[in-house]
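Input: a single structure, listed below in structure tokens.
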Amino acid sequence: MVKRPPAGTIPDAPGSYQFRDAEGRVLYVGKAKSLRQRLGSYFGNRDRMVPRTAQMLEEATGVEWIQVANELEALMLEFNLIREHKPRFNVDMKDDKSYPFLAVTVDDEWPRPMFTRARRRKGVRYFGPYGHAGAIRDTLELLLKTFPLRTCTDTKFRTHERTGRPCLLFHIQKCSGPCVGEIDGASYSQIVGELIRFLEGDSDGVVTRLRKEMEASAEALDFESAARQRDRLASVRRVLERQEMVGSAGEEVDIFGIAGDDLEAAVQVFYVRHGRVVGRKGFVMERVEDLKPAELVDEVVSAHYRSDPPRGVPRTVLVPDLPTEARLLSEWLSTERGTRVEIRVPQRGGKRRLLETVTRNADEEFLRHRLKRATDHNTRARALNEMQEGLGLPESPLRIECYDMSHLQGTDYVGSMVVFEDGIAKKADYRRFRIRHVDGNDDYAAMEEVLTRRLSAYLEEREMPVAERPGRFAYPPNLLLVDGGAGQLGVAERVVATLGLTDEIPVAALAKRYEQVYRPGNDEPIDLPRGSEALYLLQRLRDESHRFAVAYHRQLRSRRMTGSVLDGIPGLGPNRKKRLTLAFGGVRAVQRASLEDLMDQPWLPEAIAVAIFDRTHGQS
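Throughout, the numbering used here is defined as the position within the sequence shown, counted from one, plus 107.
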């Protein structure tokens with residue numbers, strides 16, 4: 108365990124610091140405006156730290172630092188040290204897939220465009236990344252009609268060069284035939300240059316040239332050549348149709364969308380060049396610290412641009428929240444680019460809509476990531492085994508029940524029970540409870556009522572003949588999980604003991620803040636490894652129980668609010684009441700509606716409209 112450096116030895120100056128383990132490996136690299144203040148924060152009460160940070164301090168045996176002149180130098184030093192050492196406790200951004208690129212071998216004597224997923228190498232220009240391989244193949248197929256460059260391998264090229272016979276692509280006008288001398292080097296280089304400019308987003312010049320050539324051929328009555336130029340122009344336009352215009356022609360923008368939970372985050376980056384979306388890339392990031400939204404954006408942007416971004420550094424970076432170190436990041440990126448780089452949050456207009464689109468893509472990617480983990484049998488089995496071992500359970504928790512409460516200042520108090528069997532949600536066994544005997548805001552009492560009702564029902568059903576059991580609560584859980592900390596665990600433990608089920612039903616609690624698991628008999632919480640399948644499954648259970656409880660609470664609250672004004676009106680049944688509130692946007696909007704507005708609803712009889720108006724405006 109790392110010890111606090113002697114007082115007065117840490118400078119009150121900007122710099123970078125590094126925690127190392129017993130073997131000298133760098134575990135974590137950070138930066139600070141004041142090394143003294145920042146490092147001092149690591150040696151306080153570890154019970155209040157994020158588990159990942161506490162784990163890093165437990166493994167570290169020493170800390171060292173490098174003092175620099177200013178904050179920008181500290182930031183750049185941090186980037187370089189992370190790039191060099193790749194510390195495992197720094198933010199880990201894993202590419203969620205191997206994205207395909209369109210590459211041009213510009214250093215070859217006869218350059219060729221090609222599809223590739225390989226690592227970058229010198230002498231090759233890369234364009235993309237594209238969302239999927241099909242998109243890039245279709246794009247290349249269309250582009251070859253306009254830019255007839257060779258796509259064959261060097262071996263095949265030399266074979267045709269030796270035989271003097273071109274391949275099929277030459278005959279169908281998708282290759283200019285450099286292997287058989289059908290085009291000179293200067294003309295070929297011109298086509299290569301035009302293709303690169305087009306892929307960079309500068310399409311206007313290509314379109315203008317093709318249109319002029321077509322018109323010139325037509326005026327010269329060379330209709331065959333004009334038809335070829337027409338077809339090439341059509342191919343270019345089809346490619347452009349796939350690249351929606353989202354800004355002005357000169358814009359260079361990277362847009363970041365982020366979605367996730369307390370353990371992981373999915374990141375999507377869209378690359379806009381010359382006003383068109385020319386590529387995107389996605390990451391799945393493990394959240395190694397308890398980061399606020401602005402701090403998370405800071406880490407995401409920093410990690411992306413220090414990892415050789417495929418499209419370089421743009422003029423503008425759009426983010427959902429302004430990074431905590433926005434000024435420093437802007438200065439660093441401006442240095443990398445050579446011109447000023449702006450980092451901002453779009454507030455309205457097309458840029459805001461584009462950010463929302465990218466964020467939706469991140470949401471969908473995160474959902475796919477979670478579903479992939481959830482539906483994999485081996486992953487689920489590993490999660491249950493890790494849970495049994497980590498929590499000290501007598502058997503693998505094949506059936507887990509999780510409970511949560513929801514209310515608004517003590518009103519519409521409800522509880523939820525969600526069930527996972529073999530790591531998969533079993534929605535047929537979900538149950539919801541309306542709290543009957545709790546006055547005011549008392550989560551402990553509400554939890555006790557819900558657990559008592561559920562487990563008492565189980566005991567009653569257990570005594571019945573098998574054929575007569577209703578089946579609502581017939582099965583006991585292998586693990587009873589409650590949302591909360593030590594207090595909620597104490598309630599669950601007491602209920603289970605009172606009903607004589609201590610030896611049959613293990614209990615646990617999951618605290619949301621630090622994702623710590625509490626078990627009876629343990630003074631300290633159990634810190635399951637962040638990113639472990641066991642913790643991931645517990646988190647899904649907790650989140651699902653919270654969602655189910657909140658949904659029921661909102662349903663009851665909506666009923667109560669609706670009923671308070673609109674109940675008892677002759678002819679206004681549940682269906683019409685629901686339709687009415689949807690049409691106006693809520694009960695309060697119905698109350699504000701004029702008689703004319705009510706009578707304008709073609710499905711609402713005039714007499715009922717008058718009755719609603721009289722009720723909402725206090726008329727008899």
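Ideal placement from N, C-alpha and C gives every residue a C-beta, glycine not left out.
Candidates the options, of which the one nearest residue i by Cα
i	options	result
residue 316	301, 325, 330, 306	301
residue 119	133, 139, 109, 132	139
residue 88	131, 147, 126	Residue coverage of the chain in this structure runs from 108 to 727, which leaves residue 88 outside it and unanswerable.
residue 150	134, 551, 321, 169	169
residue 325	568, 333, 392	333
residue 468	391, 319, 560	391
residue 398	247, 477, 266, 160	160
residue 267	414, 289, 255	289
residue 291	426, 218, 223, 597	218
residue 222	258, 252, 463, 718	258
residue 675	722, 357, 454	722
residue 604	571, 591, 644, 555	555
residue 135	128, 148, 196, 174	196
residue 534	653, 525, 598	525
residue 209	220, 643, 551	220
residue 188	244, 133, 719	133
residue 730	447, 213, 486	For the chain, the structure presents residues 108 to 727; residue 730 sits outside this window and is missing.
residue 255	386, 142, 286	286
residue 488	423, 185, 682, 527	527
residue 401	418, 417, 427	427
residue 532	696, 520, 128, 650	650
residue 550	662, 720, 121, 522	522
residue 565	553, 582, 575, 572	582
residue 616	609, 335, 608, 633	633
Assigned secondary structure, residue i (DSSP; H/G/I helix, E/B strand, else coil)
i	result
residue 192	helix
residue 324	helix
residue 203	Caution applies to residue 203, whose pLDDT of 43 falls short of 50 and renders its modelled position unreliable; the value that the coordinates give is listed next. The answer is coil: DSSP assigns residue 203 none of H, G, I, E or B.
residue 714	helix
residue 706	helix
residue 120	coil
residue 212	coil
residue 352	Because the pLDDT at residue 352 is just 44, under 50, the model does not fix this residue reliably, and the value given afterwards should be weighed accordingly. Reduced to three states, the DSSP call for residue 352 is strand.
residue 444	helix
residue 393	strand
residue 511	strand
residue 388	strand
residue 554	helix
residue 719	helix
residue 163	helix
residue 336	helix
residue 597	helix
residue 522	strand
Integer Cβ distance of residue i from residue j, believed to fall under 8 Å
i	j	result
residue 303	residue 211	6 Å
residue 589	residue 595	5 Å
residue 452	residue 362	11 Å between Cβ atoms; not a contact.
residue 642	residue 636	7 Å
residue 720	residue 702	5 Å
residue 425	residue 360	6 Å
residue 587	residue 627	Not really, about 11 Å apart at Cβ, beyond 8 Å.
Residue i - containing beta strand (DSSP E), residue span
i	result
residue 134	133-139
residue 687	Note, residue 687: premise wrong, no beta strand (DSSP E); alpha helix (DSSP H) at 681-691.
residue 608	Per DSSP, residue 608 belongs to no beta strand (DSSP E) and is neither H nor E.
residue 586	586-590
residue 232	232-234
residue 175	Counting along the chain, residue 175 falls outside any beta strand (DSSP E), and DSSP gives it neither H nor E.
residue 614	614-618
residue 262	Run containing residue 262: none in the beta strand (DSSP E); it sits in the alpha helix (DSSP H), 261-270.
residue 372	371-380
residue 221	220-223
Limits of the alpha helix (DSSP H) - the one that residue i falls within
i	result
residue 300	292-306
residue 360	No alpha helix (DSSP H) contains residue 360, which is instead part of the beta strand (DSSP E) from 359-367.
residue 401	400-412
residue 275	275-278
residue 454	It is not in any alpha helix (DSSP H) - residue 454 carries neither H nor E in the DSSP assignment.
residue 695	694-699
Chain C within 7 Å of residue i, Cβ atoms only
i	result
residue 184	Absent from the structure is chain C; it holds one protein chain and no more.
query: Any chance the segment 679-687 sits against the segment 702-715, with 3 or more Cβ pairs inside 8 Å?
result: Cβ pair count under 8 Å is three or more, so yes.
field: Sufficient close CB pairs (3 or more, under 8 Å) joining the segment 617-634 to the segment 554-564
entry: Touching, no.
message: Taking 8 Å as the cut-off, does the segment 499-517 touch the segment 409-416 (at least 3 CB pairs, one atom from each stretch)?
response: no
- request: Please determine if the segment 430-444 and the segment 169-180 are in contact, where contact requires at least 3 C-beta pairs separated by less than 8 Å.
  value: yes
query: Do the segment 457-471 and the segment 536-556 meet, that is, are 3 or more Cβ pairs less than 8 Å apart?
result: no
task: Tell me, please, whether the segment 428-437 touches the segment 453-460 by the rule of three or more beta-carbon pairs shorter than 8 Å.
output: no
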